[in-house]
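Read through the structure below, which is laid out as structure tokens, and then see the notes.
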Amino acid sequence: MGDLPTECLDADDAGLQRAAAILKAGGLVAFPTETVYGLGASARDDRAVARIFEAKGRPRFNPLIAHAADVEAARGIARFTPEADRLAAAFWPGPLTLVLPIREGAGVSPLVTAGLGTVALRVPAHPLAQRLLRAVGGPVAAPSANPSGRLSPTRADDVIGTLGGRIEAVLDGGPCPVGLESTIVGFDGGARLLRPGGLPAEAIEACLGAPLSARTEAGAPTSPGQLASHYAPEAGLRLNAEAAMPGEVMLGFGDVAGDLSLSHGGDLTEAAANLFHHLRKLDQRGAARIAVAPIPDHGLGRAINDRLRRAAAPRG
Ligand code: TXA
Ligand code: MG
2 MGDLPTECLD ADDAGLQRAA AILKAGGLVA FPTETVYGLG ASARDDRAVA RIFEAKGRPR
62 FNPLIAHAAD VEAARGIARF TPEADRLAAA FWPGPLTLVL PIREGAGVSP LVTAGLGTVA
122 LRVPAHPLAQ RLLRAVGGPV AAPSANPSGR LSPTRADDVI GTLGGRIEAV LDGGPCPVGL
182 ESTIVGFDGG ARLLRPGGLP AEAIEACLGA PLSARTEAGA PTSPGQLASH YAPEAGLRLN
242 AEAAMPGEVM LGFGDVAGDL SLSHGGDLTE AAANLFHHLR KLDQRGAARI AVAPIPDHGL
302 GRAINDRLRR AAAPRG
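Counted from 1, the sequence shown has number 67 at position 66 by the working numbering; the numbering is strictly sequential.
Have a look at this one:
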């Protein structure tokens, strides 16, 4: 762990101004979005972006999402296709990331795109993220604010617990309402689902009036959210469990009871918001394995199952 005195900033004017000043000076600030906390750096500053990779222990070939305050700012960075225009109009600001061809002279550090010809763009809806982006006045690169491969943070305390000492500040906006990372859509040969997430794929398909294509393994960049093992707690995971076995703690859902439940009423929105936090809390009990109740594979359940499968995958 590093030895920076990580500041915990309140979600007031003073906190926001301080967070923006640190970002503009090349520092790292974790900030809340509606999905998860992001680890922000000015996307225009090579040195600052390089420090994101250091703080997370993230491989450099994994590109980052650039966050913009609004669609106009995003248009200055990438060229939108007609499908991208429709999705942006329908779902921004919100938990959707679009991967689009980067504009020449966009002024985004090549470390953000890992040298690819495309850039991942998102306009977050969280009011604090919005105010921060406007105060910074430029794009902010931000992966989830966790050490690479581990559970994403949905509380300021989760960030302090793992990245404290390695970053300048955390802006505390309380729990993230969605709880899962954004849905990522690319446009390589038609709209393609690159990562299921906080915006259900069904909503995107309804907007486009056509099914999304699946991610092709061949063309996919090797990025952490797409690696088999990711989003992992310390404990192993056993999925689709109806009850705990000896030595396990149990994460319930609906009628399947547990030590904690993602949602007693079987509500997928509530389950998504609880997922990473409950996994963290069960992990802290020190059991060798966490058993997880079956989760229906539609709507947000698809993204929840995607994260659970990666958390359960054999570790590399
Ligand atoms: O909700 C979220 O998306 C959060 C918040 C902070 O915005 N961010 C997040 O970032 O989840 P990260 O770095 O953990 O995941 C970004 C993913 C990478 O796994 C990578 O797959 C994809 O975005 N990505 C970024 N640039 C890309 C590109 N040019 N082509 C394909 N995928 C890209
Ligand atoms: Mg991540």
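The beta-carbon is built from N, C-alpha and C at its ideal position, and this holds for glycine as well.
- Counting only unbroken stretches of 4 or more residues, the alpha helix (DSSP H) elements lying wholly within the segment 103-137 are 111-114 and 128-137, in sequence order.
- Given a length threshold of 4 residues, each whole run of the alpha helix (DSSP H) inside the segment 192-277 is given here in chain order: 202-209.
- For the ligand MG, no non-hydrogen atom lies closer than 7 Å to the CB of Glu35.
- Around the Cβ of Phe62, a 10 Å sphere holds fewer than 16 other Cβ atoms; the residue is exposed.
- Per the C-alpha coordinates, the member of Asp173, Pro102 and Pro178 positioned closest to Leu269 is Pro178.
- For Leu301, the secondary structure class from DSSP, reduced to helix, strand or coil, is helix.
- Under the Cβ criterion (8 Å, minimum of three pairs), the segment 58-77 does not count as touching the segment 155-171.
- Assigned with DSSP and collapsed to three states, Thr98 falls in strand.
- For the pair Cys208 and Ala107, the CB atoms are not nearer than the 8 Å cut-off.
- Between Gln131 and Pro154, the beta carbon gap of about 19 Å keeps them out of contact (Cβ cut-off 8 Å).
- In chain order, Leu240 place their CB closer than 8 Å to the CB of Arg310, counting only its own chain and leaving out the 5 sequence neighbours on each side.
- Spatial neighbours of Asp260 in its own chain (CB-CB distance under 7 Å, excluding positions within 5 residues in sequence) are listed in chain order as Val250, Met251 and Leu283.
- Taking Asp46 as reference, the option from Glu35, Gly39 and Leu24 with the minimal CA-CA separation is Leu24.
- Annotation: Val37 is outside any beta strand (DSSP E) and is labelled neither H nor E by DSSP.
- A distance of 8 Å or more separates the beta carbons of Val186 and Leu129.
- Contact annotation: Ala146 and Gly39 have beta-carbon atoms nearer than 8 Å.
- Judged by DSSP in its simplified three-state form, Glu8 adopts strand.
- In this structure, Phe32 lies near Leu172, with their beta-carbon atoms less than 8 Å apart.
- Excluding five sequence positions before and after Thr114, the CB atoms of its chain that fall closer than 7 Å to its own CB belong to Pro64, Ile103 and Val120, given in chain order.
- By the neighbour-count definition (other C-beta atoms within 10 Å, threshold 16), Gly199 is a buried residue.
- For Arg19, there is no enclosing beta strand (DSSP E); the enclosing alpha helix (DSSP H) has its first and last residue at Asp14 to Lys25.
- Annotation for Thr82: no beta strand (DSSP E) segment contains it, and DSSP assigns it neither H nor E.
- DSSP places Thr184 inside the beta strand (DSSP E), whose first and last residues are Thr184 to Gly187.
- In its own chain, leaving out the 5 sequence neighbours on each side, no residue places its CB closer than 6 Å to the CB of Thr217.
- The beta carbons of Glu35 and Pro83 sit no closer together than 8 Å.
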